[in-house]
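Since the structure comes first, as structure tokens, the remarks are kept for the end.
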Amino acid sequence: MGHHYTLRFELGGMVFDIATILMMVLTALLVFIFLFVMTRKLETGVPGAKQNAVEWIFDFVKNVTSGYMDHKKVMMMMTLGITLFLYIFIGNQLGVIANVTTVHKGEISESVMKMLTIAPTPEAEAKKRATVEHELGDKGAHVIWWKSPTATPSVTFGLALVVLLYSHYLGIKKSPGGWFKHVFLNPIHILEEFIIKPLTLPLRLFGNLFAKEIMIAFLLSGGILAAAPLFIWLGYSVFVGAIQAFIFLTLSMVYISQLVNDEH
Amino acid sequence: MVEFGAVSLEWGTLLLQVIIFVLLLIVVSKYATGPIASVLEKRRAHVENELATAERNHKESEKLLAEQRRLLDEARAESKAIIDRAAKQASDEASKIVAEAQAASERMKADASAELAREVEKAKLELREQMTGLSVLLASKIIEKELDEAAQKSTVDKFLAQVGDRL
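So the sequences go chain by chain: U and D.
Taking my numbering, the leading residue of the first sequence gets 1, the next gets one more, and so forth.
Taking my numbering, the leading residue of the second sequence gets 265, the next gets one more, and so forth.
As structure tokens, this is what we get:
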């Protein structure tokens, strides 16, 4: 199994990953289209099949959240909870249902080479360039176009950042003094709020999904021999994708509840 | 950008993810969860309302039932009173009729006995008149035959005594 690359570009001192961004946008669109289609013609009376499904999701997220907050706060969290759960769930499953990789050999343009080898330091970039040039002349350089967006740390850190910033916003809004006391007056809490939560929440999701993608890529390169393990692994990936979405949702709600609930 | 081998964290991608996710939250809230929440809330209110109405109707029907029961009891008592009154009236009427009949028969009896007494009196009177006539006749006949007053006196006395006994 060779290296897998994605096309990236730099803008305003920041690096953007094209494949991940495409998958991000696709996932967001799927979540929105799904919810939009499911919530047309809602009935106050007896719901139809579509509405039953969407109400099931609503109730599922509500039940998860209800374990940590009172009813009023739960209803405030519904948009975040449903969007978070569906975004991560659909994002996780997208990497299972398809795999789009292009293999490039021979000459490539300098701009594409730059997009493939972009790295934090010039040395790292030079090293990467040498590898790509070698692969171009050998088996070919593999460029990924389709993957789970959640298998990228940028995405999982982004999601965790939204959740954690929102939790702190709610905490400060509720009581600035209480928030300050809770977060800063206990060394364990400082460690928890600024290191443990921001690292464990995104890395758990990323780690699981990254391992899933690596295993799928590895088994795909194994040819016919790896067909049976691949199918087992794909089935397991669907399960992991659902479980990780549930865990991310649950932990997000726990973290938010820690900052918005009254002190005991 | 932070890179560890094949894993890299790009600030641009992260920032874009934050923006896309926040935008997604906004449209989902506007077009999906908002409507769901309002429908669920409406349904909850509807069910609550229906329950309250059912409760109210139940109370209402209980009240009506009690009212009906009361009216029925009243009607029953009233009909009983009417029947009692009618029965009493009938028996009063009957005893009145009997009393009247008794009074009438008493009166008739009294009338009849008075009439009888009157008739007897009349007959006695007539008889006495006739007796007087007959006595006179007899006396004149005796006088004609023998004017022996002394001899006939005992016979007349005897006769008169006999008549007096008979009367």
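Where a beta carbon is used, it is the ideal one built from N, C-alpha and C, also for glycine.
- A straight line joining the alpha-carbon of U:Ala160 with that of U:Leu201 spans about 6 Å.
- For U:Leu185, the secondary structure class from DSSP, reduced to helix, strand or coil, is coil.
- Just so you know, the alpha carbons of U:Phe206 and U:Thr150 end up roughly 6 Å apart.
- In summary, U:Met78 is buried, with 16 or more beta-carbon neighbours lying within 10 Å of its beta-carbon over all protein chains present.
- Nearest CB-CB separation between D:Ser343 and chain U: not below the 8 Å threshold.
- Distance from the Cα of U:Ala245 is smallest, within the candidate group U:Gly106, U:Met113, U:Leu86, for U:Leu86.
- With the criterion set as a beta carbon lying under 8 Å from some beta carbon of chain D, the members of the segment 78-99 of chain U are Met78, Thr79, Leu80, Ile82, Thr83, Tyr87, in sequence order.
- Put simply, the CB of D:Thr317 is far from chain U, with every gap to its CB atoms at 8 Å or more.
- By DSSP's assignment, U:Ile144 forms a beta bridge with U:Thr101.
- Any Cβ of chain D closer than 8 Å to the Cβ of U:Ile21 would place that residue at the interface, and such an atom is present.
- Straight-line spacing of the CA atoms in U:Phe218 and U:Val46 works out to 49 Å.
- For D:Glu267, the closest Cβ of chain U is nearer than 8 Å.
- Annotation: the segment 113-185 of chain U contains the following complete segments of the alpha helix (DSSP H) (minimum length 4 residues), in chain order: 122-137, 153-174, 176-184.
- The beta-bridge partner set that DSSP reports for D:Val271 consists of D:Phe268.
- Contact between D:Tyr295 and U:Phe58 is ruled out by a C-beta separation of about 14 Å, above the 8 Å threshold.
- Cα atoms of D:Val286 and U:Val162: separation of roughly 8 Å, rounded to the nearest angstrom.
- Per the C-alpha coordinates, the member of U:Ala119, U:Phe60, U:Thr156 positioned closest to D:Phe268 is U:Ala119.
- In terms of beta-carbon proximity, D:Ile300 lines the interface with chain U, with at least one pair separated by less than 8 Å.
- For D:Leu280, the nearest CB of chain U lies under 8 Å from its own CB, placing it at the interface with that chain.
- When the five nearest sequence neighbours on each side are left out, no beta carbon in the same chain lies closer than 7 Å to the beta carbon of U:Leu185.
- When DSSP assignments are scanned along the segment 4-34 of chain U, the uninterrupted stretches of beta strand (DSSP E) that are 3 or more residues long and fall wholly within it turn out to be 8-11, 14-17.
- Counting only Cβ-Cβ distances below 7 Å, D:Lys327 has no contacts in chain U at all, with the closest Cβ about 31 Å away.
- Residues of chain U with a Cβ closer than 7 Å to the Cβ of D:Glu312 do not exist; the shortest Cβ-Cβ separation is about 13 Å.
- Leaving aside the five residues that flank U:Glu10 on each side, the residues in its chain whose CB is nearer than 8 Å to its CB run, in chain order, Phe16, Ile118.
- Counting only the Cα atoms, U:Phe231 lies some 12 Å from U:Gly223.
- U:Gly235 and U:Lys212 have their C-alpha atoms some 11 Å from each other.
- Taking a 10 Å sphere around the C-beta of D:Gly276, we find 16 or more other C-beta atoms and assign the residue as buried.
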